[in-house]
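Peer 1: Going down the list, the sequences are from chains A and B. Residues 2 to 293 in this note's numbering are what the first sequence lists, from first letter to last. Residues 265 to 1109 in this note's numbering are what the second sequence lists, from first letter to last. Note that beta-carbon positions come from the ideal geometry of N, C-alpha and C, so glycine has one too.
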Amino acid sequence: MVLHVTGLNKSYGKEKVLDNLSFNIKENQIVALVGPNGSGKTTLLNIITGLLEADAGDIKLFNMSPKNPDIFKQISYMQDNSVLYDYLTGYDHLQFIGDIQGCTKQQILTAAERVGSAHYLNKKVSKYSLGMKQHLLLTMAILNNPKLLIMDEPLNGLDPTSTIRIRNLLLDLHKEGTSILLSSHNLSEIDRVTSHILFLKNGRLIEEDISKYLHALYMIQVSHVKEAVEALENMGVHIDHIEGNTVHISTHDHSIQDIFLKLAEKQVDILDISKKIAGSEERYQTLFTEGI
Amino acid sequence: MIKLILFELKKLFKTKKLLYIIAIITLFNVYQYTYHATQADEMVDRLYEDTEPLMSAVNRIERDLGEKRANQQLGDMGLAQSDAVKEMKSDLQDLRSAIYSEEFGVAPKFEQAFLHSLQDYLNVGGEFTVLNWVGLDYALEKNAWMIEHDLAVEDETYPLSPHLFLTDSSEWLFGISGVILLVLILGNILSAEREQHTWFTLKTQPITKSHIILSKYMALMLSLLCYMLYTIIIGILIPLVFGDFELILNYPHVLVKGDEVVGISTLHYVSLKISLFVGAGLIALSFLLFISILFKSTFNTLMVSIFVLLSGYFLTDSIPAIQTPLNIFQHLRLDKILSETGSDAVWTYLLFAVVWSAVLIIMTLSLPEKSGRLIQFTTVRKSFHSGQTHPTKGRLWNVVVFEWRKLLRKGHMINVLTFTLIVIVGGYFFLHHAETKKETTYIDGLNQEVNGIQRELIPIFEESLAGYKAELEHADDDIYQEELHDYIEGHEEAIHLYQKQVAVIQKGIKGYESENWKPFYEQQLFRIKLFNGEFDEPLNHIGHSFTGMEFQSGVSLKKTKWLMERDIQPIFPGDYTLTIHDEWPGTPQGEIARADWEGQNHKVNASGLYSLFHFYEYYIYLALIVLFLFLLGTGMSSERGKQSTIHFLRTQPISGSTLFLGKVICSALVVTGIFLGVVLFIFLLGAIFNRLGDWNYPILHYDTLSESTAVDYTGFIADDQSYGFHFIPLGNYLLQCLILLFLAAVFVMVMANFLSLWAKNTTAVMTLTLIIVIGGYVGSIEYISEWAYLSPFTYLDIMKVANGALATQFDQSLINSYVGSVSLGVSALVLIALGYVKEKMKRKA
């Protein structure tokens, strides 16, 4: 077991932030932590990494207490950018970690290349953009090849190119055997990297495998709306709504190839198509916004 | 605008700035009051002792006149003087018995009687040097006020009454120290906004930059007002609540302005001090805003502001020509303005201060904000050690190296060092100038003395001698003939001694010019003996009465002999060495005479070694320790600010105890290195541009009473003195000071780092450290003086430890450099161990 959390409680004054939480992360698992602002995600991650004291409960990281500093040889925690020294360069941060973690200059440069931060490492952090800081934080986090990577809002402030790059990096790390626990508000990105989600609501965890909610949403612009709707209904595809000559459908079982073939049979031309994955967002809406 | 001002005040309140001000003022007043209360029992003794010089003088005059009266040598005037002195003695005895029996209410009446009889004595040609005309006018003015308002005598040295306590505390809190305190606490009002980018939040609101700056200015003014109000309230409230005195706002305060002596009420005096303080505050806080617009960093803003303000203060202080309200820095000389210009000039000063403040604010408003740096660094920096890592060196060493790199990258250290070097170079030139001036003045003085003796004194004596000889030829009376023989003999001896004095001085000057020091020191020895009245009657009229200065005299003789025996180059000015055992009357005249004597005999030299002596003597090392405290003492608190970098460190495989140790070791090494560099720089500057200095130059070391009275005591004891002394070579003395300096600096840094484990922010760490250090020192020497040798705080006064002054003060010979080194070292180690254990326990918990 990579992470084992049992009966975790944390209150700030009278406000209970974490209420008897228990969960595990197994080897080579990506787990996402999702919840609205102020729900206690960062508090939970800080407690897991020993930065905060829990009121009650037990945490084991690779069977070690988070209070043992040696645990950070096996895990890494990518925090928000307030942990960076403004007056140091990016390389200064990495060099210190390299000294402490036993990494070479070459390893530092490789990690930086992998994240895409190599070309501005000699600039002072005060001159970095938000995205550059996120890159540096990720470089710092992966430098020691952690077995568990804990990330707090890693996609904050990233442009689309960087988001894709980081997503691919996470998937690569996962392939290499790294377990990942990340908190994020970007639900569509979460859906792309994991189906294992911990929803944090009112201090309690709702652990979900949201693969059952995963389905694709397509917006298909067609030449003949009536024929298209008929063909799709025959296939058992759920039609959300129709907007002009665009049909909005959602499907869990049918592949897009099947849909194309069926529409072709009915002499319906496809003028344009776009796709969106739906999964955690729907579940999030159910959990957190229904009844508002 | 009102809303903006309220917002600024809210920020000051939320950041606890006003709380810090209140806490410091309260602590200061509580300490002062407690200390004064401990001295209250000795009030009678002190007041009684203050009349001692008067009584001695009256007795001496009475004795002299009595002898002459018995010998029928007094004319009418002499007889009148003799009667007046008797009256004086009687009145003075009444005054002393009133003091002794604690009848303070009637004491002014007896004092009035004494002063009137003294005036009568002076009116009939009497001389009374203990109270010169300034002292007499001062005493008359004050006494008249006391009688007019029917006031009782109070303890003015350690006051406990609300009016005098307020006056006493206002000397500090409404002085330059109060101004610097306000600048330090409120100093980041603008720079913090710029540092934390909240400046942009303000600038992106529908308000102009002028409104923002003016609102900050108004908030600063309101804070100044709070400071003053609270100082007044607490200054009155503490004595009222804890003491038995009433508030008497018309208690007199006498201002001495040159020849003028003016009595004013306490209320008037405090209001004058407040008016001047308002002016100084307006200027200092406007100047702070002006600097804040030029520099982005709070550290740089504070450093530049305080440096400029203090430099201006000292420069103005040393050049009388620029001491006018037109000079912005003159307004900071709060302790001097009243005595130099009188109360009438206060409104002029206030007006000029308002104008200066307005000018500074207009400049601040018109300047575009700049991100000035004292030293410009590029934002792209090369990595340390070509980017190579050193994992094998151990985590502790890695943390130390990281802390060092952070110091370098921050840039503050370079700024501080640059400023320090500028101050040292400036200080060197000041010393060099002072040395040259004092040397020239001393030698010119010798030449003038020779001229004076040759051209005036000897001819006068020769003329008198000729007169007496001529009179002798015509004198018939045997007694008269005998008297004339005595006069002739005395005058011949006097002329002979004057001629000898001239010859010795001329030889000394020649020796000085040819760098042959022996004759030079011979003339010094001659002059010291002469001033001590060691020659017979004929020269008594050119000798000085050295009551209370016997120790100084003995030291000076021995020191001159030491210098002569070792052929050491002299250091100017004066023939005497100032000591802690010198006794001066506690009268205004005594103070003037003391300052004058110190000016004539305080040695100044810019040689390498002696410059270092000044470094300790003027407590420059303490100022540097405080400066470096801000640089190196923030410890863990610096990781917990808006940038919570502590979370980065805590998520590395390093224990909290290693982090603490790393920070402590880094600050200890850096502060030691910096001080080593500073000491070397001072030494080299003097050695290269002046001269190396003499390792064996004698430095006076006081021996305690216990040591001096021991059977096996080997030092020197001056005539009629109980205390002994010996000399240590300057080089040895400086080595002792250096070791104490290293350890004291390390101890203070360790303490600050230790406190940073608890205190959340850097301001709290700095404030706490300074309070503990100052409180520790005062507590050690005032309250636990018997155990002061164990306290590390005692050894922060390096000079007084190394020269035995503190040891002598408490008759505690264990207060010395060796015990000091152990005390400072052990204390630092204990604090490190406690911090280490605390961090270990935290992890385990």
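(1) Within its chain, find whatever has a CB closer than 6 Å to the CB of D419 (chain B); leave out the 5 residues flanking it on each side and keep chain order.
(2) Run through chain B and tell me which residues come within less than 7 Å of K74 (chain A), C-beta to C-beta.
(3) Can you look up N711 (chain B) in the DSSP assignment and give me helix, strand or coil?
(4) Are T90 (chain A) and G99 (chain A) closer than 8 Å when you measure CB to CB?
(5) Is the beta carbon of F24 (chain A) closer than 8 Å to that of L199 (chain A)?
(6) When you compare the segment 466-482 of chain B with the segment 288-308 of chain B, are there three or more beta-carbon pairs, one atom per stretch, that lie closer than 8 Å?
(7) Counting C-beta neighbours from all protein chains within 10 Å, is the total for E699 (chain B) 16 or more, i.e. buried, or is it exposed?
(8) Does the contact criterion of 3 or more C-beta pairs under 8 Å hold for the segment 978-998 of chain B versus the segment 1036-1045 of chain B?
(9) Roughly how many angstroms separate the alpha carbons of F912 (chain B) and G995 (chain B), rounded to a whole number?
(10) Go through its chain and collect everything with a Cβ distance to Y882 (chain B)'s Cβ below 7 Å, but skip five positions before and after it.
(11) Residues in its own chain within less than 8 Å of A1023 (chain B) by CB, not counting five upstream and five downstream?
(12) Which value, in whole angstroms, describes the spacing of the CA atoms of Y1059 (chain B) and T1072 (chain B)?
(13) Would the segment 612-626 of chain B and the segment 546-553 of chain B be scored as touching if the rule is three or more Cβ pairs under 8 Å?
(14) Take the Cβ of E903 (chain B) as the centre, count every other Cβ of all protein chains shown within 10 Å, and call the residue buried at 16 or more, exposed below.
(15) Between the alpha carbons of K733 (chain B) and S582 (chain B), how many angstroms are there, rounded?
(16) Report yes if the C-beta distance between N47 (chain A) and S180 (chain A) is below 8 Å; otherwise report no.
(17) My parser needs the beta strand (DSSP E) runs of 3 or more residues fully inside the segment 427-514 of chain B; what are they?
(18) Name the chain B residues that come within less than 7 Å of T195 (chain A), Cβ to Cβ?
(19) List the residues of chain A that P655 (chain B) touches, going by C-beta distances under 9 Å, in chain order.
(20) Just how far apart, CA to CA, sit K276 (chain A) and D153 (chain A)?
(21) Smallest Cα separation from P155 (chain A): which of A:N145, A:N169, A:E234?
(22) How far does the beta strand (DSSP E) with D742 (chain B) in it extend, from its first residue to its last?
(23) Counting only runs that start and end within the segment 982-1018 of chain B, where is the beta strand (DSSP E) found for 3 or more residues in a row?
(24) Assuming the contact rule is C-beta atoms closer than 8 Å, K817 (chain B) and I792 (chain B) should be a hit. Round their C-beta distance to whole Å, please.
(25) Starting from the C-beta of D273 (chain A), find all residues in its chain whose C-beta is less than 7 Å away, skip the five residues before and the five after it, and write them out in chain order.
(26) So what's Q268 (chain A) in DSSP terms, helix, strand or just coil?
(27) If you run the structure through DSSP and keep just helix, strand and coil, what is H239 (chain A)?
(28) How long is the line joining the alpha carbons of M1063 (chain B) and P1056 (chain B), rounded to whole angstroms?
(29) Excluding the five sequence neighbours on either side, which residues of its own chain have a C-beta within less than 6 Å of the C-beta of V319 (chain A), listed in chain order?
(30) Taking the alpha-carbon positions, what's the A229 (chain A) to T252 (chain A) distance?
(31) Is L19 (chain A) helix, strand or coil by DSSP?
(32) Below 8 Å on the Cβ atoms is my guess for G897 (chain B) versus M813 (chain B); work out the distance and round it to an integer in Å.
(33) Three or more C-beta pairs closer than 8 Å, one from the segment 669-689 of chain B and one from the segment 130-142 of chain A: is that the case here?
(34) Whole angstroms are fine: how far does the CA of N293 (chain B) sit from the CA of I497 (chain B)?
(35) Could you list which residues in chain A have their beta carbon closer than 8 Å to that of H461 (chain B), in chain order?
(36) So, at 6 Å on beta carbons, what are the nonlocal neighbours of K280 (chain B) in its own chain, with the 5 sequence-adjacent residues on each side left out?
Peer 2: Reading off the structure:
(1) Taking the second sequence and counting its residues from 1, one reaches residue 419 (chain B) at position 155. Around D419 (chain B): M307.
(2) Within the first sequence, the letter at position 73 stands for residue 74 (chain A). Under the 7 Å cutoff, chain B gives P917.
(3) For the purposes of this step, residue 711 (chain B) is identified with residue 447 of the second sequence, where counting begins at 1. It is helical.
(4) Residue numbering aside, residue 90 (chain A) sits at position 89 when the first sequence is read from its first letter. Residue numbering aside, residue 99 (chain A) sits at position 98 when the first sequence is read from its first letter. Contact: no.
(5) Counting from one through the first sequence, the residue named residue 199 (chain A) turns up at place 198. Counting from one through the first sequence, the residue named residue 24 (chain A) turns up at place 23. Yes, they are a contact pair.
(6) no
(7) The residue given as residue 699 (chain B) occupies position 435 in the second sequence. Buried.
(8) Between the segment 978-998 of chain B and the segment 1036-1045 of chain B, the count of C-beta pairs closer than 8 Å stays below three; the two stretches do not touch.
(9) The residue given as residue 912 (chain B) occupies position 648 in the second sequence. The residue given as residue 995 (chain B) occupies position 731 in the second sequence. Going by the C-alpha atoms only, they are around 48 Å apart.
(10) Counting from 1 along the second sequence, the entry for residue 882 (chain B) is found at position 618. Excluding sequence neighbours, Y882 (chain B) sits near nothing in its chain.
(11) Along the second sequence, one-based indexing puts residue 1023 (chain B) at 759. So the qualifying residues of the chain are S901, V1029, L1032.
(12) For the purposes of this step, residue 1059 (chain B) is taken as residue 795 along the second sequence, with counting starting at 1. For the purposes of this step, residue 1072 (chain B) is taken as residue 808 along the second sequence, with counting starting at 1. Y1059 (chain B) and T1072 (chain B): Cα-Cα distance of roughly 14 Å.
(13) yes
(14) Here residue 903 (chain B) refers to the residue found at position 639 when the second sequence is read from its first residue. So E903 (chain B) counts as buried.
(15) As a first step, residue 733 (chain B) is located in the second sequence; it is residue number 469 there, counting from the start. As a first step, residue 582 (chain B) is located in the second sequence; it is residue number 318 there, counting from the start. The straight-line gap from Cα to Cα measures roughly 53 Å.
(16) As a first step, residue 47 (chain A) is located in the first sequence; it is residue number 46 there, counting from the start. As a first step, residue 180 (chain A) is located in the first sequence; it is residue number 179 there, counting from the start. Contact annotation: N47 (chain A) and S180 (chain A) have beta-carbon atoms that are not nearer than 8 Å.
(17) none
(18) As a working note, residue 195 (chain A) is residue 194 in the first sequence. What T195 (chain A) touches in chain B: nothing, since even the nearest Cβ is about 23 Å away.
(19) Counting from one through the second sequence, the residue named residue 655 (chain B) turns up at place 391. Under the 9 Å cutoff, chain A gives G99, D100, I101, Q102, G103, C104, T105.
(20) Indexing the first sequence from 1 puts residue 276 (chain A) at position 275. Indexing the first sequence from 1 puts residue 153 (chain A) at position 152. Going by the C-alpha atoms only, they are around 28 Å apart.
(21) Counting from 1 along the first sequence, the entry for residue 155 (chain A) is found at position 154. For the residues A:N145, A:N169, A:E234, the minimum Cα distance to P155 (chain A) belongs to A:N169.
(22) Here residue 742 (chain B) corresponds to residue number 478 of the second sequence, with the count starting at 1. Segment 742-777 is the alpha helix (DSSP H) holding D742 (chain B); no beta strand (DSSP E) there.
(23) 988-993
(24) As a position in the second sequence, residue 817 (chain B) is number 553, starting the count at 1. As a position in the second sequence, residue 792 (chain B) is number 528, starting the count at 1. A small fix is needed here, since residue 817 (chain B) is Ser in this sequence, not Lys. With a Cβ gap of about 7 Å, S817 (chain B) and I792 (chain B) count as contacting.
(25) Looking up residue 273 (chain A) in the first sequence gives position 272. Excluding residues within five positions, the ones whose Cβ falls inside 7 Å are Q222.
(26) Stepping through the first sequence from its first residue, residue 268 (chain A) is reached at position 267. If DSSP states are grouped into helix, strand and coil, Q268 (chain A) belongs with coil.
(27) On the first sequence, position 238 is the one that residue 239 (chain A) refers to. The answer is strand: DSSP assigns H239 (chain A) an E or B state.
(28) Locating residue 1063 (chain B) in the second sequence gives position 799, counting from the first residue. Locating residue 1056 (chain B) in the second sequence gives position 792, counting from the first residue. Taking the straight line from one Cα to the other gives about 15 Å.
(29) In this structure chain A extends from 2 to 293, so residue 319 (chain A) is not present and cannot be described.
(30) Locating residue 229 (chain A) in the first sequence gives position 228, counting from the first residue. Locating residue 252 (chain A) in the first sequence gives position 251, counting from the first residue. Straight-line Cα distance between these residues: approximately 15 Å.
(31) Residue 19 (chain A) sits at position 18 when you count from the first residue of the first sequence. DSSP places L19 (chain A) in strand when its eight states are reduced to three.
(32) As a first step, residue 897 (chain B) must be located in the second sequence, where it is residue number 633. As a first step, residue 813 (chain B) must be located in the second sequence, where it is residue number 549. Taking the Cβ atoms as the reference, G897 (chain B) lies roughly 43 Å from M813 (chain B), outside the contact range of under 8 Å.
(33) no
(34) For the purposes of this step, residue 497 (chain B) is taken as the residue at position 233 of the second sequence. For the purposes of this step, residue 293 (chain B) is taken as the residue at position 29 of the second sequence. Near 11 Å, if we compare the C-alpha coordinates of N293 (chain B) and I497 (chain B).
(35) On the second sequence, residue 461 (chain B) is found 197 positions in, with the first residue counted as 1. Those do not exist, as H461 (chain B) stays about 10 Å from chain A at its closest Cβ, beyond 8 Å.
(36) Here residue 280 (chain B) corresponds to residue number 16 of the second sequence, with the count starting at 1. Excluding positions up to five away in sequence, the list is empty.
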